[in-house]
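*Asks:*
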Amino acid sequence: MHRRNRAAEDGGSSSPYHFLVFPLQQRLIEFEARLSAPFVFLRRWRSKRSASARRSRSTEGRRENRSKIDPNAQPGISTCPVPRKSFEMLLSRRPRPRPTLDPVSTSSDSYSPQEVADRFEHIQKLSGRLNINGKIFEHIVPEDLEMVCELGEGVSGNVTKCRLKNRALAVKRMKRTDNHEESKRIFMDLEVIRKCNDCDYIVKCYGYIITFEHLFICMEVMATCLDKLLQRRKCGLPEQIIGKITLSVVYALDYLKEKHKIMHRDIKPSNILLDWHGNIKLCDFGISGKLIDSKAITMSAGCAAYLAPERIQADSGYGYDVRADVWSLGISIVQLATGKFPYESSTPFELMVKIREEQPPLLNPDDGFSREFCDFVRDCLHKDMTGRPKFKDLLEKPFLVRSAAEQTDVGQWYQEECTKMEVDNA
Numbered sequence: 001m002h003r004r005n006r007a008a009e010d011g012g013s014s015s016p017y018h019f020l021v022f023p024l025q026q027r028l029i030e031f032e033a034r035l036s037a038p039f040v041f042l043r044r045w046r047s048k049r050s051a052s053a054r055r056s057r058s059t060e061g062r063r064e065n066r067s068k069i070d071p072n073a074q075p076g077i078s079t080c081p082v083p084r085k086s087f088e089m090l091l092s093r094r095p096r097p098r099p100t101l102d103p104v105s106t107s108s109d110s111y112s113p114q115e116v117a118d119r120f121e122h123i124q125k126l127s128g129r130l131n132i133n134g135k136i137f138e139h140i141v142p143e144d145l146e147m148v149c150e151l152g153e154g155v156s157g158n159v160t161k162c163r164l165k166n167r168a169l170a171v172k173r174m175k176r177t178d179n180h181e182e183s184k185r186i187f188m189d190l191e192v193i194r195k196c197n198d199c200d201y202i203v204k205c206y207g208y209i210i211t212f213e214h215l216f217i218c219m220e221v222m223a224t225c226l227d228k229l230l231q232r233r234k235c236g237l238p239e240q241i242i243g244k245i246t247l248s249v250v251y252a253l254d255y256l257k258e259k260h261k262i263m264h265r266d267i268k269p270s271n272i273l274l275d276w277h278g279n280i281k282l283c284d285f286g287i288s289g290k291l292i293d294s295k296a297i298t299m300s301a302g303c304a305a306y307l308a309p310e311r312i313q314a315d316s317g318y319g320y321d322v323r324a325d326v327w328s329l330g331i332s333i334v335q336l337a338t339g340k341f342p343y344e345s346s347t348p349f350e351l352m353v354k355i356r357e358e359q360p361p362l363l364n365p366d367d368g369f370s371r372e373f374c375d376f377v378r379d380c381l382h383k384d385m386t387g388r389p390k391f392k393d394l395l396e397k398p399f400l401v402r403s404a405a406e407q408t409d410v411g412q413w414y415q416e417e418c419t420k421m422e423v424d425n426a
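With full-length UniProt numbering as the guide, the letters of the sequence shown map in order to residues 1 to 426.
See the structure below:
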């Protein structure tokens, strides 16, 4: 495995992400580029000559047709028999003041090629070294991991439950690729999770294994995600449990913002995990922080349903900050409280139109929710991001102040729920 790692380091050094490109493939690409260079130059030269000739003929044609123009024609009348219509998005473009955004890094280009290479060199040295609850394992390879079962899929890889010498762990496997965007996604996932082990509200990383074709991130095993829990319950969660969940998520988001200057950007129930003791933790950082902020990439990640209105702006110049995560949290809370997704739509485009144009979904005290809970959701789902609170402000809201003071045993509740669901399914 070490020979493979060295080979991966030597190949493709011309790219800041050379460590994620197969060496042989990279050399073939460079060889083909050298061979095709003269032909590319020739095609460009011919293209310029033909373009110049077309411009010349076009100019002569306009001079000849100048006398054929009807002098009685009114200005601005189209000569096309079918009136032309400008193609515009259905999304309205109401003028809005540009908000003041928090300084959160959203581009991996903030790293120079040398910084990226240095970071990966450091990461490569720690490959195969796992620290599982204080027990150190050295020189671990994928063959040492005994697969138990599939757990699910994240943004950039699948997750399985494995055993290593009678110790359980969740292993996220991601394929190494020569696609730069996927490379950044993989790098960001590893970069974020490996430096967040000091936060109790983010899934712990035990270490990682880098091979010629794959990257394996080894993490602690959690009992379930909230999305699966909702599907099994077929109804919403108690308000006291949602309060503890919300508190943990806000703590995690505030930690990411204050300590690492990044935002998650993919808050949804499937990325909020719960263990058997009732600890709630955030996971899946595949599109967070320093990745290139591309709307297409974000939507392909499957989180369009939780996007804030400012992230669906037809005018891309408005931008967004951590308050977009507050909106996503609000939508997730409504889903957890009611047991169903608040928007009904048949297509992603229709869904995004509803998010932008319709009033946000709210909770009603008449349905058994407390006034503090309903007010908290309303604040999170403010359509104008400037009216939406940030993480520190959320922690001071009466709903979270009350949730922090309550002695709610989430672990006991979850175990009782599992027993009930087993009885119902029997």
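Every residue gets a Cβ at the ideal spot worked out from N, C-alpha and C, and that includes glycine.
Inspect the beta-carbon positions of P361 and L381 and report whether they are closer than 8 Å.
*Replies:* Result yes, Cβ atoms of P361 and L381 sit closer than 8 Å.
*Asks:* How would you write the range of the alpha helix (DSSP H) that R356 sits in, first residue to last?
*Replies:* Segment P348 to E357, the alpha helix (DSSP H) holding R356.
*Asks:* Tell me, please, whether the region 250-260 touches the region 212-232 by the rule of three or more beta-carbon pairs shorter than 8 Å.
*Replies:* No, the region 250-260 does not touch the region 212-232.
*Asks:* Hey, could you find the ends of the beta strand (DSSP E) E150 is sitting in?
*Replies:* Residues E146 to E153.
*Asks:* When the distance is taken between beta carbons, is V148 closer than 8 Å to R163?
*Replies:* It is a contact, given that the beta carbons lie within the stated cut-off.
*Asks:* With distances taken between CB atoms, is the gap from I245 to D325 smaller than 8 Å?
*Replies:* It is not a contact, given that the beta carbons lie outside the stated cut-off.
*Asks:* Say whether the region 389-396 touches the region 223-230, bearing in mind that this needs 3 or more beta-carbon pairs closer than 8 Å, one atom from each stretch.
*Replies:* Result no; under three Cβ-Cβ pairs closer than 8 Å.
*Asks:* Rounded to whole angstroms, what's the CA-CA distance from D284 to V423? Just pull it up for me.
*Replies:* Cα-Cα distance, rounded: 32 Å.
*Asks:* For D321, does the count of other Cβ atoms within 10 angstroms reach 16, so buried, or fall short, so exposed?
*Replies:* Classification for D321: buried.
*Asks:* As a quick exercise: from V171, N158 and V203, pick the residue whose alpha carbon is nearest that of G128.
*Replies:* Minimum Cα distance to G128 is reached at V171.
*Asks:* Are the beta-carbon atoms of L274 and A223 separated by less than 8 Å?
*Replies:* Against a cut-off of 8 Å, the Cβ pair of A223 and L274 comes out as a contact.
*Asks:* In angstroms with no decimal places, state the Cα-to-Cα distance between C225 and P269.
*Replies:* Going by the C-alpha atoms only, they are around 7 Å apart.
*Asks:* For R167 and H277, what's the separation of their Cα atoms in angstroms?
*Replies:* Their backbone Cα atoms lie some 18 Å apart in a straight line.
*Asks:* So for N158, helix, strand or coil by DSSP?
*Replies:* Correct three-state label for N158: strand.
*Asks:* For the region 328-347 and the region 358-376, state whether three or more C-beta atom pairs, one from each stretch, are separated by less than 8 Å.
*Replies:* Output reads yes: the region 358-376 touches the region 328-347.
*Asks:* Would you say K281 and V203 are within 8 Å of each other, going by their C-beta atoms?
*Replies:* Contact flag set, yes.
*Asks:* Cα separation between K195 and Y201?
*Replies:* Going by the C-alpha atoms only, they are around 13 Å apart.
*Asks:* Excluding sequence positions up to five away, which residues of its chain have a Cβ less than 6 Å from the Cβ of R62?
*Replies:* Low local confidence applies: a pLDDT of 49 at R62 is under 50, so the model's placement there is unreliable, with the coordinate-based value given in what follows. The answer is none, since no qualifying residue turns up.
*Asks:* Assign A405 to buried or exposed, taking buried as 16 or more other Cβ atoms, counted over all protein chains shown, within 10 Å of its Cβ.
*Replies:* Per the 10 Å Cβ criterion, exposed.
*Asks:* For V334, which of helix, strand or coil comes out of DSSP?
*Replies:* Reduced to three states, the DSSP call for V334 is helix.
*Asks:* In terms of alpha-carbon separation, which member of D178, E150, K161 and R233 lies closest to Q415?
*Replies:* Looking at the Cα atoms, R233 is the closest of the given residues.
*Asks:* List in chain order: all unbroken beta strand (DSSP E) runs of 3+ residues lying wholly within the region 177-262.
*Replies:* As far as the region 177-262 is concerned, its whole beta strand (DSSP E) runs of at least 3 residues are 205-210 and 214-219.
*Asks:* DSSP puts R265 in a beta bridge; with which residues?
*Replies:* BP columns for R265 are empty, so no partner.
*Asks:* For R265, count neighbouring C-beta atoms within 10 Å of its own C-beta (all shown protein chains included) and say buried if the count is 16 or more, exposed if not.
*Replies:* Buried, because 16 or more other Cβ atoms sit within 10 Å of the Cβ of R265.
*Asks:* Which same chain residues end up closer than 6 Å to A304 when comparing Cβ atoms and leaving out the 5 residues on each side of it in sequence?
*Replies:* P348, listed in sequence order.
*Asks:* Taking L190 and Y208 to be in contact with their CB atoms under 8 Å, please state how far apart those CB atoms are, rounded to whole angstroms.
*Replies:* At roughly 6 Å, the Cβ-Cβ gap stays under 8 Å, so L190 and Y208 are in contact.
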